[in-house]
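Protein sequence lines correspond, in order, to chains A and B. Residue numbers for the first sequence follow our numbering, so the first one is 8 and each next one is one higher. Residue numbers for the second sequence follow our numbering, so the first one is -9 and each next one is one higher.
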Amino acid sequence: MTGRPAEELLAHLRELDRANAPVRQGRAVARARAAIVDEELRDLYGVAGVPDGVALVALGGYGRGMLLPGSDIDLLILHDRVKDIDRVAERLFYPLWDSGLKLGHNVRTVKECIAEAEARIDVASAMLDARAVAGDEAMCEAMVTSIRSVVRRSPKDFALRLREDAADRHERFGSVASDLEPDLKEGAGGLRDLNALGWLAIALDGEDLEALTDSQLLGAREADAIDEAEEFLIRLRSTLHLVTGGRLDRLVLDHQPAIAEMLGFEDDTDMSAADALMRATFERGREARWVVDVVFERLLEPSADTGTAIAATPEAVMAAFADAAESGRALPLASLEAVDAIDLPEGVVWSDEVRDAFLRMLRSGRAAAAIEEMDRAGVLVRYLPDWAPVRYRPQRDPFHRYTVDVHLLRALGGMEGLLAMPGDDPMAREAVGLVGDRDAVLLGALLHDIGKDGTGNHVVIGESTARRALERMGIEEQTRELVRFLVGEHLLLSDTATRRDLTDENLILSVAARIGDPERLAALYLVSIADAAATGPHASTPWRQTLLRELVAKIQHVFERGDVGADTADTLAERTEALAEVLVGEDADEVARFLADLPHSYVVTVPPEEAAIHFSLLRAELDGLEVRTAESVTGVEQDTVRLSVVCTDRPGLLAKIAGALSLSGFSILSAQVFTTESGVAVDVFDVASTFEGDEVGEERWRDFRGTLRKALDGRLSLDYRVKEKRQYYPAHRTAIPVEVTIENDASDFYTVIEIGCADRVGLLFDLTRTLGELEVDVHLAKIATYGGRVVDAFYVRDVVGRKIEDDEHVDEIRRAIAARLAE
Amino acid sequence: MRLVVAIIKPFKLDEVKEALRSIGVNGLTVTDAQGFGRQRGHTEVYRGAEYQVDFVPKVKVEVMVHEDQVQGVTDAILKAARTGKIGDGKIFVLPAEQVIRIRTGEMGPDAI
């Protein structure tokens, strides 16, 4: 036995592929290929000296008379207990193996075949397509008849097994209807699903799909759709085989551009050729999947529900879907078919009735499924023309697994799930409780990526598309506004969480300002997690969730608390604008520099008029130890003065200012300390004269400035002078205990040290001096006096700007303060 | 050859990538990582709902380099990833025995 026939076969196959460009590699070429193989195998069989009682049988795709360029040639040597059958098999198979042909091979008796087929559905279905290529045709015929009778015993059982088998397969191989790298053979809506319809037809006593149309299981339009899908998928899979030179059935990204070109797809303004190929693939895959699902459903779950008559109006059609959704089920097939026959106008006008029905559907808890059904019935784009550009649109990034439309429907489904049962994410639970406008979060999920039409920035486009769509739908303005916000900001939380420094207070305040209030934050969080979950496994990892939650918690704290001017976070933009307004007429560059240099906490706490004063204080560059001050009589209370001190930041500055104020006869009511990006301290104090009714004149301020300057120059010791001064003021008669609490939960950015103690001269000087010694950086000090008792709250960070969480450090601060106050 | 492994703050990734590119590193591997060091976990609170965060999200960057590039690469990462605050991460430098470029079969420094 020589390898000659096999070599000849290879040559013929090469010739076939040379003669047929990929675009022509449909079923006809696949049949021609099978015929070539048939012929060569018969030649081989003829010279192999095969005894009687043997048949060479083609199985599977080859059995159906079709071979793709990279398909296995599935062969079975069927025999009637022939002796030395192994030898025969060797003589038949070896030449084929040796030539490198890919062979599926088996040797069985008829009885073995039947036993195998009873046990395994994939074997049974492969043998349903069996045909004898050479040898004992009658024996093969008998085998096929037996197998057919096995599946015909109970077509429904067989159908159930086919459906289960398909479900397992889809689980493993994904879907041709939406996966970016679809498995054309095994995926949902792929070729094997279409084959399954053929097997079902056989089980129903038929030969081919006609049996299904005859028994009303398959509609004429549906039959056309799957016929087209099969031709397309075979052409695509053949081309993939030719390009990869193998039997790869997964259409991986790498090969898509080349294959798109081969199959005649072209680049367009809003879509590349490769994307157009994928869109065409998804469209076929989805059609195929729907038809296959429906056929099995008609057979296995025939519905007595013949559907109610549906009037051919947009109102009636929407109402039909809404009614079904509200009763928690899909629109019955009969109704779906009725809808299919209704020709709605392009761009349906949304009457109040249409809108109300749509809202009923939206609130039903199965809106995602219902909208998908609408799409399947071909009516979705009639109501929502903006859906057309995202329909079947592939997404090429490492995160997205589905087409835009599938992603959007999954996000909507996810949101419905969250609203119904937030699961074990406590943050989602709280957020669901906080969201009042559920329509808005559902619509936000449904529309968040509606701007992915291929023409530009999808967020910007999405915002205006969503606005337009919602207006046409007649959605209430408040809801519309919230949806617009959700669509426009749907990336804000996840982008910020993963790409920005969450310990940056300015950042958190800006994001809080952009969001505005807790309800919007909750809604945006829900959209973010529904979006992530609908994107793919890489978008919704614990890693990303942890960062996202940290961000959301911090923003929420900004809304909840009044620290660092947090309750005015939403006015940050407003304040910046107001400040720019006050500074109108000043040099624009200087103003811009000034604004950029300031921390956000400054902008939200310091009134614009006061900031204007600081602007003029800072206009000329500070010279070394220079101190500039400004006073205004608009303090927090009557008889208080707001004092601003500006100088280059240095250690112990706050203590020195406090000491100098004390020596000059001022009591300090509050202190706020800001440091600009360029390292200038802008300290703002509310002070009052230590003695009631005492006028504060320019002389006193001069005295204060002089003292401070000397203290900073090192020419004056505040320490002994404050002590000295204190001697003249008697201590309080009743003992007031010292209480120091150090709180880390109160703020995300600062440790709050609260000190309750007796008031005394130079108290703030002493406290800030002590903190300075321990490298504790004071950002804000609030001083409240209750009779003789003072409670000072300090918002502090350590030397590198983090909260003070080290127990030893905390303890040392406590002791140092107690010791200082005992002096 | 050395494998430089850097654990950095997620938001520093772009800067580190740029810094490495600017000194001629043209290949690196990035992985989302979680763990803890001196920066222990913490608790997040949102409207009363609490989360215990045991592992802090970080990014792991791996670069394979020649011995004489190690200093440059670690300096670049150090400079780009540093905020001065706790949790800035760490850089490990490990000896690497072999590198093989799968496509061509090139080995050793040729394959870096």
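The C-beta atom is built at its ideal place from N, Cα and C for all residues, glycine as well.
Residues of the segment 491 to 519 of chain A in Cβ contact with chain B at a cutoff of 7 Å, in chain order, please. So the close ones are Thr505, Arg506, Arg507, Asp508, Thr510.
Once you ignore the five residues that flank Asp574 of chain A on each side, which residues in its own chain have a CB closer than 6 Å to its CB? Residue placement at Asp574 of chain A is poorly supported in this model, since its pLDDT is 48, which falls under 50; the coordinates are not used for a value here.
By how many angstroms is the C-alpha of Asp190 of chain A removed from the C-alpha of Ala452 of chain A? If you take the alpha carbons of Ala452 of chain A and Asp190 of chain A, they lie about 29 Å apart.
Proximity of Arg383 of chain A and Trp297 of chain A at Cβ, strictly below 8 Å: Going by C-beta atoms, Arg383 of chain A is nearer than 8 Å to Trp297 of chain A.
Nearest to Met434 of chain A (by Cα), restricted to the options A:Leu528, A:Ser156, A:Ala800: The shortest C-alpha separation from Met434 of chain A is found at A:Leu528.
Determine the DSSP secondary structure at Ala265 of chain A, reduced to helix, strand or coil. In the structure shown, Ala265 of chain A sits in a helix (DSSP, three-state: H, G or I).
Is Arg21 of chain A helix, strand or coil when you go by DSSP? Looking at Arg21 of chain A - three-state DSSP - the assignment turns out to be helix.
On the CB-based measure, 16 or more other CB atoms within 10 Å of its CB, does Leu632 of chain A come out buried or exposed? By the 16-neighbour rule on beta-carbons within 10 angstroms, Leu632 of chain A is exposed.
Look at Ala41 of chain A and Leu74 of chain A and say whether their C-beta atoms are less than 8 Å apart. A contact, by the Cβ cut-off of 8 Å.
If you count every other CB in all the chains shown that lies within 10 Å of the CB of Pro102 of chain A, and 16 or more means buried, which is it? Classification for Pro102 of chain A: buried.
Give me the Cα-Cα distance between His19 of chain A and Ile43 of chain A, rounded to the nearest whole angstrom. Straight-line Cα distance between these residues: approximately 7 Å.
Closer than 9 Å between beta carbons: that is the criterion. Which residues of the segment 31 to 47 of chain B meet it against chain A? Result list: His32, Thr33, Glu34, Val35, Tyr36, Arg37, Gly38, Ala39, Glu40, Tyr41, Val43, Phe45, Val46, Pro47.
C-alpha gap between Leu781 of chain A and Tyr41 of chain B, whole angstroms: In this structure, the alpha-carbon of Leu781 of chain A lies about 32 Å from that of Tyr41 of chain B.
Assuming contact is defined by CB atoms lying nearer than 8 Å, are Leu461 of chain A and Asp277 of chain A in contact in what I supplied? Reading the sequence as shown, one finds Gly at residue 461 of chain A and not Leu. Cβ distance < 8 Å, so Gly461 of chain A and Asp277 of chain A count as in contact.
For Glu638 of chain A, the residue or residues it bridges with in DSSP: Answer is A:Leu650, bridged to Glu638 of chain A.
Tell me whether Asp136 of chain A is buried or exposed, calling it buried when 16 or more other Cβ atoms sit within 10 Å of its Cβ. It counts as buried.
Report yes if the C-beta distance between Arg244 of chain A and Asp256 of chain A is below 8 Å; otherwise report no. For Arg244 of chain A and Asp256 of chain A, yes; Cβs fall inside 8 Å.
Return the chain-ordered ranges of every alpha helix (DSSP H) run that is complete within the segment 195 to 235 of chain A and spans a minimum of 4 residues. 198 to 210, 217 to 221, all fully within the segment 195 to 235 of chain A.
What residues in its chain sit with their C-beta under 6 Å from that of Val361 of chain A, if we drop five residues either side in the sequence? Cβ neighbours of Val361 of chain A beyond the five flanking positions: Pro321, Glu322, Met325.
What number of angstroms, rounded off, separates the C-alpha of Leu83 of chain A from the C-alpha of Ser501 of chain A? Across the structure, Leu83 of chain A and Ser501 of chain A are spaced so that their CA atoms are roughly 56 Å apart.
Which residue wins for smallest C-alpha separation from Tyr532 of chain A, given the options A:Ser517, A:Gln552, A:Ile317, A:Asn513? Distances from the alpha-carbon of Tyr532 of chain A to those of A:Ser517, A:Gln552, A:Ile317, A:Asn513 put A:Gln552 closest.
With a cut-off of 8 Å, does the C-beta of Phe1 of chain B fall near any C-beta of chain A? So yes, Phe1 of chain B belongs to the interface.
Thinking just about the alpha-carbon of each residue, which of A:Val652, A:Arg707, A:Ala688, A:Trp206 is nearest to the one in Leu670 of chain A? For the residues A:Val652, A:Arg707, A:Ala688, A:Trp206, the minimum Cα distance to Leu670 of chain A belongs to A:Arg707.
For Ala166 of chain A and Leu207 of chain A, believed in contact at Cβ under 8 Å, the rounded distance: Leu207 of chain A to Ala166 of chain A, Cβ: 6 Å. Contact.
Got a sec, what are the start and stop residues for the alpha helix (DSSP H) Glu125 of chain A sits in? The continuous alpha helix (DSSP H) containing Glu125 of chain A extends over residues 117 to 126.
What are the start and end residues of the beta strand (DSSP E) that includes Lys80 of chain B? Counted as a single uninterrupted DSSP element, the beta strand (DSSP E) harbouring Lys80 of chain B occupies residues 79 to 85.
My output table needs one value for Phe681 of chain A: the three-state DSSP class, helix, strand or coil. Phe681 of chain A: strand per DSSP, three-state reduction.
So which residues on chain B does Glu557 of chain A lean against when the C-beta distance must stay under 8 Å? Close to Glu557 of chain A, with beta-carbon spacing below 8 Å, are these residues of chain B in chain order: Glu34, Val43.
On the three-state DSSP scale, how would you describe His56 of chain B? Here His56 of chain B sits in coil by DSSP.
Of all Cβ atoms in chain A, is any one closer than 8 Å to the Cβ of Thr73 of chain B? Closer than 8 Å: yes.
Return the CA-CA distance between Ala295 of chain A and Ala184 of chain A, expressed in angstroms with no decimal places. Roughly 8 Å between the two C-alpha positions.
Let's test the definition: count the other Cβ atoms within 10 Å of the Cβ of Met422 of chain A and tell me whether it reaches 16, buried, or not, exposed. Under a 10 Å Cβ-count criterion, Met422 of chain A is classified as buried, with 16 or more other Cβ atoms of the shown protein chains found around its own Cβ.
Mind listing which residues of the segment 798 to 811 of chain A have their C-beta closer than 9 Å to chain B's C-betas, in chain order? Taking 9 Å as the Cβ-Cβ cut-off against chain B, the residues of the segment 798 to 811 of chain A that qualify are Val807, Gly808, Arg809.
Can you pull the chain B neighbours of Met434 of chain A, defined as C-beta to C-beta under 9 Å? Going along chain B in sequence order, the residues near Met434 of chain A (Cβ under 9 Å) are Glu34, Tyr36, Arg37, Ala39, Tyr41.
Is Thr548 of chain A close to chain B, meaning its C-beta is less than 8 Å from at least one C-beta of that chain? Interface residue, yes.
Output needed for Val694 of chain A: all residues of its chain with C-beta closer than 7 Å, excluding positions within five of it in sequence on either side, in chain order. Same-chain partners within the cutoff: Thr647, Val648, Leu650, Leu668, Phe673, Ser674, Ile675, Leu676.
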